[in-house]
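Asks: So that we are looking at the same thing, I have put the structure below in structure tokens.
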Amino acid sequence: MPKKSSTPLPLKRFAVVGTGIQGTQIAMIAARAGYEVAVYDPRPGAFRQTFEKLRADLKAKKVKPLIPWNRWEECARKVRHLRDLDKAVARAELVLEAVPENLELKKEVWREIAAKAPPEAILATNSSSIPVSRLEGESGRPERVLNIHFYFPMQGVTMVDVMGGSRTLPEVLETGIAWVRSIGFVPLTVKKELLGFCFNRVWRAVKREVLFMWGNGYVDFQDIDRAWMIFTGMKEGPFALMDKVGLDVIWDIEMVYYNESKDPKDHPPQALKEMIARGELGVKSGKGFYTYPDPAFLRPDFIR
Ligand code: NAD
């Protein structure tokens, strides 16, 4: 587990807008690193509800979280929840928006934040697919905006994409990178705007190719996973990973890339759509490419 970083804090006051699954984790991690953290969510009790849900989910999955269990309450206590957006962002130096993945909603929330946060505050989005250049027009400070994109922070995936918009100043990008380091995470700097940022793009290239091979009947998905496991030494292959993410979520993400390029090669295969229609969504529905809770790839003879 990466330890709390000893890197100096590039700023002091951090705010999170939207404390669902991502915002709650990020707020706790920033509080642990020593930031003054304020959060806002219009859903009453959002932070606490998500905190409990997250704790139950990770315990059920027997995940060892990034923040040890005995420090969860302490980190949560350090996070100030405010009923008004004004108060949450009034003194912030960095505001991270983590509301649902909907461009119109994000634009509306950015307009509100822009009106209430200090003019010098950096505004960032945790969006998985929206480049910040599509929000910078609402920010009132297009030279002080960033994509700061987390993966599964509490599960120990400690990398974060950092990318600027069309007018982001170099020192703002540097502050974003320093902030990521200061919470003990590894920044992945994206130097020019790119859909999918850094690692999502790598993962996506793998997904596109393996879905093509399986969906067009060239290779069985289990052989692809076997090859991946033998080659990389990992405990699961791309199809097992897609089951974990959820096949409906995979479909939606692949469609974002397809809609951007309109290249037929980017379209996910029909066979995946049929699985989703049958309710085979992966781990969450008990069946995807594999059957859970005892998927074939976990059996000792799978790669023998
Ligand atoms: P979520 O649905 O769990 O949480 C969103 C939160 O935003 C909710 O608590 C909701 O009440 C709140 N909200 C709604 N409207 C709001 C408003 N007007 N002002 C403030 N808060 C508002 O979503 P999530 O999974 O945490 O995703 C949030 C963002 O993070 C999305 O952009 C998503 O693409 C991105 N992201 C998600 C993941 C993931 O694995 N879930 C990973 C990386 C990035």
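Its first residue numbered 5, the sequence shown is counted upward by one per residue in this note's numbering. Beta carbons are placed, not taken as given, at the ideal position from N, Cα and C, and that holds for glycine.
The alpha helix (DSSP H) with Gly141 in it runs from where to where?
Replies: Your numbering for residue 141 matches position 137 in the sequence shown. Taken as a continuous stretch (DSSP letters only), Gly141 belongs to no alpha helix (DSSP H), as it is neither H nor E.
Asks: So, under 8 angstroms CB-CB, Ile30 and Val21 are touching, yes? Tell me the CB distance rounded to an integer number of Å.
Replies: Here residue 30 corresponds to residue number 26 of the sequence shown, with the count starting at 1. Here residue 21 corresponds to residue number 17 of the sequence shown, with the count starting at 1. With a Cβ gap of about 11 angstroms, Ile30 and Val21 do not count as contacting.
Asks: For the stretch 62-145, which segments carrying the beta strand (DSSP E) assignment without a break, of at least 3 residues, lie completely within its bounds, in sequence order?
Replies: You should have 83-86, 98-101 and 126-129.
Asks: Quick one: measure Cβ to Cβ for Val287 and Lys248, integer angstroms, because I've assumed they're closer than 8 angstroms.
Replies: The residue given as residue 287 occupies position 283 in the sequence shown. The residue given as residue 248 occupies position 244 in the sequence shown. 5 angstroms between Cβ atoms; contact.
Asks: Suppose you measure from the CA of Arg47 to the CA of Glu175; what does that come to, to the nearest Å?
Replies: Position 43 of the sequence shown, counted from the first residue, corresponds to residue 47. Position 171 of the sequence shown, counted from the first residue, corresponds to residue 175. Going by the C-alpha atoms only, they are around 35 angstroms apart.
Asks: Can you give me the C-alpha to C-alpha distance between Arg95 and Trp73, rounded to a whole angstrom?
Replies: By one-based count along the sequence shown, residue 95 stands at place 91. By one-based count along the sequence shown, residue 73 stands at place 69. Rounded to whole angstroms, Arg95 to Trp73 spans 30 angstroms at the Cα level.
Asks: Label Met259 either buried or exposed according to how many other C-beta atoms from any shown protein chain fall within 10 Å of its C-beta, with 16 as the threshold for buried.
Replies: What you label residue 259 is simply residue 255 of the sequence shown in a count that begins at 1. The residue is exposed, with fewer than 16 neighbouring Cβ atoms inside 10 Å.
Asks: Compare the beta carbon distance of Gly180 and Val166 with 7 angstroms and say whether it is the shorter of the two.
Replies: For the purposes of this step, residue 180 is taken as the residue at position 176 of the sequence shown. For the purposes of this step, residue 166 is taken as the residue at position 162 of the sequence shown. Cβ atoms of Gly180 and Val166: closer than 7 angstroms.
Asks: Under three-state DSSP, which class holds Phe189?
Replies: On the sequence shown, position 185 is the one that residue 189 refers to. Looking at Phe189 - three-state DSSP - the assignment turns out to be coil, as it is neither helix nor strand.
Asks: For Gly219 versus Ala281, is the C-beta distance shorter than 7 angstroms?
Replies: The count along the sequence shown starts at 1 and reaches residue 219 at position 215. The count along the sequence shown starts at 1 and reaches residue 281 at position 277. Contact flag unset, no.
Asks: Which whole runs of the beta strand (DSSP E) in the stretch 175-226 are 3 residues long or more, in chain order?
Replies: Complete beta strand (DSSP E) runs here, min 3: 190-194.
Asks: Using DSSP with H/G/I as helix, E/B as strand and the rest coil, what is Val287?
Replies: As a working mapping, residue 287 is identified with position 283 in the sequence shown. Three-state DSSP puts Val287 in a helix.
Asks: For Arg208, tell me which candidate among Gly221, Arg185, Ala231 and Lys269 has the shortest Cα-Cα distance.
Replies: For the purposes of this step, residue 208 is taken as residue 204 along the sequence shown, with counting starting at 1. Among Gly221, Arg185, Ala231 and Lys269, the Cα nearest to that of Arg208 belongs to Lys269.
Asks: Evaluate Tyr44 with the Cβ neighbour count: other Cβ atoms within 10 Å of its Cβ, from every protein chain shown; 16 or more gives buried, anything less gives exposed.
Replies: On the sequence shown, position 40 is the one that residue 44 refers to. So Tyr44 counts as buried.
Asks: Compare the beta carbon distance of Ala102 and Gln26 with 7 angstroms and say whether it is the shorter of the two.
Replies: Locating residue 102 in the sequence shown gives position 98, counting from the first residue. Locating residue 26 in the sequence shown gives position 22, counting from the first residue. Taking 7 angstroms as the Cβ cut-off, Ala102 and Gln26 qualify as a contacting pair.
Asks: Let me see if you follow: with CB-CB separation under 7 angstroms, is Ile254 close to chain B or not?
Replies: No chain B appears in the structure shown, which is made up of a single protein chain.
Asks: Can you give the Cα-Cα distance for Arg130 and Gly200, rounded to whole angstroms?
Replies: As a position in the sequence shown, residue 130 is number 126, starting the count at 1. As a position in the sequence shown, residue 200 is number 196, starting the count at 1. Here the sequence assigns Asn to residue 130, which means Arg is not the residue at that position. Rounded to the nearest angstrom, the two C-alpha atoms are 12 angstroms apart.
Asks: Is any non-hydrogen atom of the ligand FAD found closer than 6 angstroms to the C-beta of Gly180, if you look at the structure I gave you?
Replies: Because the ligand FAD does not appear in the structure shown, any question about it cannot be addressed here, the ligands present being the ligand NAD.
Asks: Return the CA-CA distance between Tyr155 and Leu62, expressed in angstroms with no decimal places.
Replies: Translated into the one-based positions of the sequence shown, residue 155 becomes position 151. Translated into the one-based positions of the sequence shown, residue 62 becomes position 58. One C-alpha to the other measures close to 15 angstroms.
Asks: Helix, strand or coil: how does DSSP classify Arg52 here?
Replies: Numbered from its first residue, the sequence shown carries residue 52 at position 48. Note: Arg52 maps to helix in three-state DSSP.
Asks: Helix, strand or coil for Glu147, going by three-state DSSP, please let me know.
Replies: Residue numbering aside, residue 147 sits at position 143 when the sequence shown is read from its first letter. If DSSP states are grouped into helix, strand and coil, Glu147 belongs with the helices.
Asks: Rounding to the nearest angstrom, what Cα-Cα distance links Met32 and Gly250 in this structure?
Replies: Taking the first residue of the sequence shown as position 1, residue 32 is located at position 28. Taking the first residue of the sequence shown as position 1, residue 250 is located at position 246. About 26 angstroms.
Asks: According to DSSP, is Arg59 part of a helix, a strand, or is it coil?
Replies: Position 55 of the sequence shown, counted from the first residue, corresponds to residue 59. Three-state DSSP puts Arg59 in a helix.
Asks: Is Met259 helix, strand or coil by DSSP?
Replies: As a first step, residue 259 is located in the sequence shown; it is residue number 255 there, counting from the start. DSSP places Met259 in helix when its eight states are reduced to three.
Asks: Can you round the beta-carbon distance between Leu150 and Ile126 to whole angstroms, since I take them to be within the 8 angstroms contact cut?
Replies: In the sequence shown, the residue the question calls residue 150 occupies position 146. In the sequence shown, the residue the question calls residue 126 occupies position 122. Going by Cβ atoms, the distance from Leu150 to Ile126 rounds to 6 angstroms, so yes, they are a contact pair.
Asks: When you compare each of Phe301, Arg171 and Tyr261 to Glu140 by their alpha carbons, which one comes out closest?
Replies: For the purposes of this step, residue 140 is taken as the residue at position 136 of the sequence shown. Looking at the Cα atoms, Arg171 is the closest of the given residues.
Asks: As a quick exercise: from Lys66, Glu178, Asp256 and Ser289, pick the residue whose alpha carbon is nearest that of Met158.
Replies: The residue given as residue 158 occupies position 154 in the sequence shown. Of the candidates Lys66, Glu178, Asp256 and Ser289, the one whose C-alpha sits nearest the C-alpha of Met158 is Lys66.
Asks: So, are the CB atoms of Leu192 and Met163 less than 7 angstroms apart?
Replies: Residue 192 sits at position 188 when you count from the first residue of the sequence shown. Residue 163 sits at position 159 when you count from the first residue of the sequence shown. Closer than 7 angstroms, so yes.
Asks: Indicate the three-state DSSP secondary structure (helix, strand or coil) for Thr236 in the structure shown.
Replies: Along the sequence shown, read from residue 1 onward, the residue named residue 236 stands at position 232. Reduced to three states, the DSSP call for Thr236 is helix.
Asks: Taking a contact to mean a Cβ-Cβ separation below 7 angstroms, would you say Ile187 touches Ala37 in this structure?
Replies: Indexing the sequence shown from 1 puts residue 187 at position 183. Indexing the sequence shown from 1 puts residue 37 at position 33. Yes, these two residues count as a Cβ contact at 7 angstroms.
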